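**Student:** Protein chains in written order, with my numbering: chain A, 10 to 247; chain B, 40 to 156.
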Amino acid sequence: MRDFAEIWGYLAQGPLVWLTATLVAYIAGDTLSKAANRAPLANPVLIAVALLAGMLWASDTPYPVYFEGAQFVHFLLGPATVALALPLHANLDQVRRSALPLAAALIAGSVTAIASVILTARALGIEGVTLISLVPKSTTAPVAIGISESLGGSPTLTAVLVLLTGVTGAIVATPLLNLLRIRDWRARGFAVGVAAHGLGTARALQVNPTAGAFAGIGMGLNAMLTALIAPALLRLFQ
Amino acid sequence: MIHALTIILCCQLVGEAISRTLLLPVPGPVLGMAILLVLCATVPGLADRLRPTTTGILANLSLLFVPAGVGVVGHLNTFGAEGPALAVAVIVSTIAAISAGALAFVAVAKLTGRKNA
């Protein structure tokens with residue numbers, strides 16, 4: 010019988026270990042989230058990430074080695090974004106009927122996301138490249154990275170801030186919208202999609218199908234709007 | 040399932056090609072979503088054939104953010120002294136943006152709803 014180190018050395022070279030670990034960690038996170046009645050703080054992504062970060066640390070595995078396995082999951086983000094067309098299609102009549110509220114919510118949410126992050130960060134003493142990297146934080150990662158680059162920010166820092174925004178949105182959305190007494194699933198979903206992109210959309214899909222469809226629209230529209238207005242808003246508030 | 044996945048990947052591929060060729064600020068997958076929406080609206084029965092696959096993917100959308108999330112953990116210490124300020128800015132701004140968007144939606148829906156009624 011071979012010893013453990015030898016088997017581990019063989020397995021750790023291929024993508025199998027970390028692909029499996031990613032799925033197992035997510036199932037664990039999802040199970041805990043379900044057990045907690047989908048409480049916002051028991052976010053399945055947060056739990057899975059914490060578990061995997063612990064495993065990487067304990068096994069002294071560098072992130073690129075982990076990603077070799079996890080890239081297959083990561084790749085599906087693109088097809089999943091395309092797949093959001095289906096809930097959108099199912100709700101097309103509702104979307105058409107709420108064109109004006111959607112436009113208002115898009116502009117209000119998008120401008121607030123950009124302006125409020127610049128003003129808050131500046132008040133807390135953040136300047137320069139770090140401040141610029143914050144600007145596109147509410148848009149979906151590939152767009153945010155592109156915007157950050159064109160404005161002169163740091164794409165890596167932006168990628169991190171985008172994820173933090175998504176997790177924040179997924180956690181605060183339900184209690185915040187309950188507090189504001191907003192019961193319209195269209196409004197709830199759309200606002201979360203605009204402010205917290207795909208992670209917000211994932212949360213909205215978990216809570217209500219209509220909210221999920223509108224979150225997907227919010228995410229897509231805000232990606233376009235932020236790309237258009239971010240340079241002007243940065244100049245205005247910087 | 041393979042047919043559905045192929046259609047989805049084709050939409051993404053076309054979206055990506057358009058986005059790169061025309062140097063659009065919109066990413067390929069978002070354009071792909073628009074293309075698939077148009078297809079579903081024009082080809083009868085397409086949505087019904089795709090639904091089992093897309094429902095499966097979207098039901099576990101959260102999973103797809105896990106690999107990138109793990110990458111973030113490694114970067115947390117690079118924030119250094121600016122970390123707490125960045126966290127506060129992100130949280131305050133996310134709360135403000137969700138509130139502004141949802142309140143604007145409800146306000147305008149009320150206004151236009153009355154006009155239609």
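For every residue, glycine included, the Cβ atom is placed at its ideal position computed from N, Cα and C.
Remember, predicted model here, so these are calculated numbers, not experimental data.
#1: Buried or exposed for M228 of chain A, going by 16 or more other Cβ atoms inside 10 Å?
#2: Suppose you measure from the CA of L95 of chain A to the CA of L150 of chain B; what does that come to, to the nearest Å?
#3: Out of curiosity, what's the CA-to-CA distance linking A56 of chain B and T81 of chain B?
#4: Find out if the Cβ-Cβ distance for the pair F144 of chain B, P218 of chain A is shorter than 7 Å.
#5: In the DSSP assignment, find the unbroken alpha helix (DSSP H) run with Q80 of chain A in it and report its ends.
#6: Could you check if V129 of chain B is buried or exposed, using at least 16 other CB atoms within 10 Å of its CB as the buried criterion?
#7: Give me the residue from A:P164, A:S142, A:P53, A:G137 with the minimum Cα distance to V33 of chain A.
#8: Is it buried or exposed for A156 of chain B, if we count other Cβ within 10 angstroms and need 16 for buried?
#9: When you check each C-beta in the stretch 136-152 of chain A against every C-beta of chain B, which residues fall closer than 8 Å?
#10: In whole angstroms, what is the alpha-carbon distance linking L230 of chain A and L208 of chain A?
#11: How about M64 of chain A: is its C-beta nearer than 7 Å to some C-beta of chain B?
#12: Secondary structure at P218 of chain A, three-state DSSP: helix, strand or coil?
#13: Answer yes or no: does any C-beta atom of chain B fall closer than 7 Å to that of V203 of chain A?
#14: Which first and last residues belong to the alpha helix (DSSP H) in which Q22 of chain A is found?
#15: Under a CB-based cut-off of 7 Å, is T28 of chain B close to chain A?
#16: Is DSSP giving N155 of chain B helix, strand or coil here?
#17: Just the C-alpha distance for G137 of chain A and N100 of chain A, rounded to the nearest angstrom, thanks.
#18: Going straight from the alpha carbon of A236 of chain A to that of R59 of chain B, what length do you get?
#19: Measure the alpha-carbon distance for V82 of chain A versus H206 of chain A and round it to whole angstroms.
#20: For E136 of chain A, which three-state DSSP category applies?
#21: Any beta carbon of chain B sitting closer than 7 Å to that of V169 of chain A?
#22: Measure from the alpha carbon of L204 of chain A to the alpha carbon of each residue in A:R192, A:L234, A:D193, A:Q215, then state which is nearest.
#23: Does DSSP classify Q103 of chain A as helix, strand or coil?
#24: By the criterion of Cβ-Cβ separation under 7 Å, what are the contact partners of R90 of chain B in chain A?
#25: Taking DSSP as the reference, what is the three-state secondary structure of M40 of chain B?
#26: Would you say S101 of chain B faces chain A, with C-beta separation under 7 Å as the test?
#27: Considering only C-alpha positions, which residue in the set B:G152, B:F118, B:A148 is nearest to I135 of chain A?
#28: Helix, strand or coil: how does DSSP classify G84 of chain B here?
#29: Would you say V58 of chain A and G113 of chain B are within 7 Å of each other, going by their C-beta atoms?
#30: Could you give the residue range of the alpha helix (DSSP H) that holds L160 of chain A?
#31: Where does L189 of chain A fall in DSSP's three states?
#32: Can you check whether the CB of V181 of chain A is closer than 7 Å to the CB of K146 of chain A?
**Tutor:** Inspection of the coordinates gives the following:
#1: M228 of chain A is buried by the Cβ-count criterion.
#2: Approximately 29 Å between the Cα atoms of the pair.
#3: Answer to the nearest angstrom: the Cα atoms are 22 Å apart.
#4: Judged by beta-carbon spacing, P218 of chain A lies beyond the 7 Å limit of F144 of chain B, meaning their Cβ atoms are not closer than that value.
#5: Where Q80 of chain A is concerned, the enclosing alpha helix (DSSP H) stretches over 72-84.
#6: V129 of chain B should be labelled buried.
#7: Selected option, being the one with the closest Cα: A:P53.
#8: Residue confidence is low: A156 of chain B scores 39 on pLDDT, short of 50, so the model does not pin down where it sits. No coordinate-derived value is stated.
#9: Of all residues in the stretch 136-152 of chain A, T139, L143, K146, S147, T149, A150, P151, V152 have a Cβ within less than 8 Å of some Cβ in chain B.
#10: Here the alpha carbons of L208 of chain A and L230 of chain A stand approximately 15 Å from one another.
#11: Closer than 7 Å: no.
#12: Note: P218 of chain A maps to helix in three-state DSSP.
#13: When Cβ-Cβ separations below 7 Å define contact, V203 of chain A makes contact with chain B.
#14: Per DSSP, Q22 of chain A belongs to no alpha helix (DSSP H) and is neither H nor E.
#15: Outside the shown range of chain B (40 to 156) lies residue 28 of chain B, about which nothing can therefore be said.
#16: Here N155 of chain B scores only 47 on pLDDT, less than 50, and its place in the model should not be relied on; the value that follows carries that caveat. Collapsing the DSSP output to three states places N155 of chain B in a helix.
#17: Cα to Cα, G137 of chain A sits roughly 42 Å from N100 of chain A.
#18: In a straight line, the C-alpha of A236 of chain A is about 15 Å away from that of R59 of chain B.
#19: So the alpha carbons of these two residues sit roughly 18 Å apart.
#20: The three-state secondary structure of E136 of chain A, taken from DSSP, is coil.
#21: Answer yes: the Cβ-Cβ gap between V169 of chain A and chain B drops below 7 Å somewhere.
#22: Reading off the sequence, residue 204 of chain A comes out as Ala, not Leu. Scanning A:R192, A:L234, A:D193, A:Q215 for the CA closest to the CA of A204 of chain A turns up A:L234.
#23: Annotated three-state conformation of Q103 of chain A is helix, per DSSP.
#24: In chain order: L95.
#25: Secondary structure at M40 of chain B: coil, using DSSP grouped into helix, strand and coil.
#26: Taking Cβ atoms only, chain A reaches closer than 7 Å to S101 of chain B, which makes this a yes.
#27: Here the closest residue by C-alpha is B:F118.
#28: In the displayed model, G84 of chain B falls within coil according to three-state DSSP, outside both helix and strand.
#29: The criterion of a C-beta distance shorter than 7 Å is not satisfied by V58 of chain A and G113 of chain B.
#30: Per DSSP, the unbroken alpha helix (DSSP H) holding L160 of chain A starts and ends at 150-160.
#31: Residue state, collapsed to three classes: coil.
#32: It is not a contact, given that the beta carbons lie outside the stated cut-off.
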